[in-house]
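Everything on this sheet refers to the single structure shown next.
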Amino acid sequence: MIPRVTATVDLAAIRHNLGQVRRCAPRSRVMAAVKADAYGHGAVPVARALEDAGVDALAVACIEEAAQLREAHIRAPIAILEGVIAGEEASLAAYERLEIVVHDFWQVELLESLPSAASVGLWFKLDSGMHRLGFPLDAVPLLLDVLKRRPNWRLRGWMTHLACADEPENPMTAQQIAAFERVLDGVPGERSIANSAGLIAWPQARTNWVRPGLMLYGASPLPGKVGADLGLQPAMRLESRLIAVREYEAGAPVGYGAAYRCPERMRVGVAAVGYADGVHRSLRFGTPLVIRGRRVPLVGRVSMDMITLDLRAVPDAAVGDPVLLWGEGLPAEQLAECAGTLAYELFCGLTQRVRFRYVNA
Ligand SMILES: *Cc1c(COP(=O)(O)O)cnc(C)c1O
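Take the sequence shown: its letter number 137 is residue 217 in this note's numbering, and every next letter is one higher.
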């Protein structure tokens, strides 16, 4: 069977991008975010590549994601960013030697229900202003008391998350970092502040640990820039193929709603990819894709299984030609912008129907 849509994941690009993280934050250890199936790139192969490249730790959202990695014999430290939400998750986390991010007192109580001999590695997450997860900053003394009661708990460190790191002009980031550092002055444990945008744009966020996600996959976390501007290589190439090439008269409608009309006699191609594969229906007309190295604009509405393309720039385009949606030379950030979203959401939105291939393992 010939796949309609193929995502080719270049593990060498992921290793290269890890190298860029290390160049940017040479004194920090790296906890690589591989949550959400490694941002849609495939958690196990990506985690394995990162582990082989010597990543210091991995981060996932929840225990299922961590368990999947342990089942695949990934041995690197794994932090669960949202922590545990039930006693059985706490036991499993202890058994699998996972590092638990604890963001609230109810999670402390869950962990206290474990046998007192149970040894768990903990990160405490503080809310330095984002107001999503985390203890209030004034909880630090209480948390230190908790640790005194539980000598078997190993404190890995203190974490916070930045709300506006991708806006280099926004004063909130410096305020968050300063508040976090101030409340931890003299407190034992390592510090972790920066996601991709934080570690690129904010030198003072490059503390003991950085937590890059998006940049490992080669996309830029900063608006107005693409990965290549930051020395990153796209880890994924998403391709479909032409399954029809037709010629229509001026004025002929194309696709659902007859929403596009051919401005002249022209050839229109149909590629076998649609929103059921994760290509957003909100993509605007004119979104550039690439056939035979040339840019072709999307015309008409994205349908479930197909998109239609203006082939005037590629007179030799033929059925069977690969159609590049994103990859080298066509940044996912650009397609994301044409859909009114971010590369994060495009990557995570790829569906089961997309065939994955891995190169340069
Ligand atoms: C997802 C996540 C990251 C990684 O963020 P990127 O923007 O992809 O670099 C870092 N820290 C936390 C807490 C996260 O949830």
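By construction, the Cβ of each residue, glycine as well, lies at the ideal position given by its N, Cα and C atoms. Please read these numbers as outputs of a predicted model, since none were measured by experiment.
A159 has A139, E179 as its beta-bridge partners, per DSSP.
D207 carries a strand assignment under DSSP once its states are collapsed to helix, strand and coil. P125 sits in a helix when the DSSP states are folded into three classes. Scanning F427, G380, E169 for the CA closest to the CA of L194 turns up E169. Judged by the Cβ position, L138 fails to qualify as a neighbour of ligand 1 at the 6 Å threshold, every heavy atom of the ligand being at least this far. Residue pairing from DSSP places V290 in a beta bridge opposite V110. For R229, the three-state secondary structure derived from DSSP is helix. Using a cutoff of 6 Å, the CB of A113 counts as near ligand 1, since one of the ligand's heavy atoms is closer than that. Using a cutoff of 6 Å, the CB of N275 counts as near ligand 1, since one of the ligand's heavy atoms is closer than that. The Cβ neighbour count for N97, taken over all protein chains shown within 10 Å, is at least 16; the residue is labelled buried. In the DSSP assignment, G237 falls within the beta strand (DSSP E) that extends over 234 to 239.
By a beta-carbon distance limit of 8 Å, P343 contacts A330. Their separation comes to about 7 Å. For I280, DSSP records no beta bridge to any residue.
Distances taken from the Cβ of R291 to the heavy atoms of ligand 1 include one shorter than 6 Å. Between D390 and P377, the gap from beta carbon to beta carbon is short of 7 Å.
The nearest non-hydrogen atom of ligand 1 is less than 6 Å from the C-beta of L294.
With contacts defined as CB atoms closer than 7 Å, G237 and L430 fail to qualify as a contacting pair.
Per the coordinates, the alpha-carbon of L138 lies some 51 Å from the alpha-carbon of E327. DSSP, reduced to helix, strand and coil, places L130 within a helical segment of the structure shown.
Distances from the alpha-carbon of A147 to those of Y175, A113, V126, L202 put Y175 closest. Under the DSSP assignment, D117 falls in the alpha helix (DSSP H) whose first and last residues are 115 to 120. Using a Cβ-Cβ distance cut-off of 8 Å, the region 381 to 390 and the region 341 to 357 are in contact, since at least three pairs of beta carbons, one from each stretch, lie closer than that value. For L178, the distance from the CB to the nearest heavy atom of ligand 1 is not below 6 Å. Checking the 6 Å criterion, the Cβ of H241 is within range of a heavy atom belonging to ligand 1. When only Cα atoms are considered, C244 and W282 end up about 11 Å apart. If the five residues before and after L224 are omitted, its C-beta is found closer than 8 Å to the C-beta atoms of V267, all from its own chain and listed in chain order. Here R212 is exposed. Its C-beta has fewer than 16 other C-beta atoms within 10 Å.
Out of P333, R341, A339, L322, the CA that lies nearest to the CA of V353 is found in L322. Annotation: A274 to A159 spans about 15 Å, alpha carbon to alpha carbon. Taking C-beta separations shorter than 6 Å and ignoring five residues to either side along the sequence, the partners of G201 in its chain run E179, R234, R236, following chain order.
Spanning the alpha carbons of A315 and M295 requires a straight line of approximately 10 Å.
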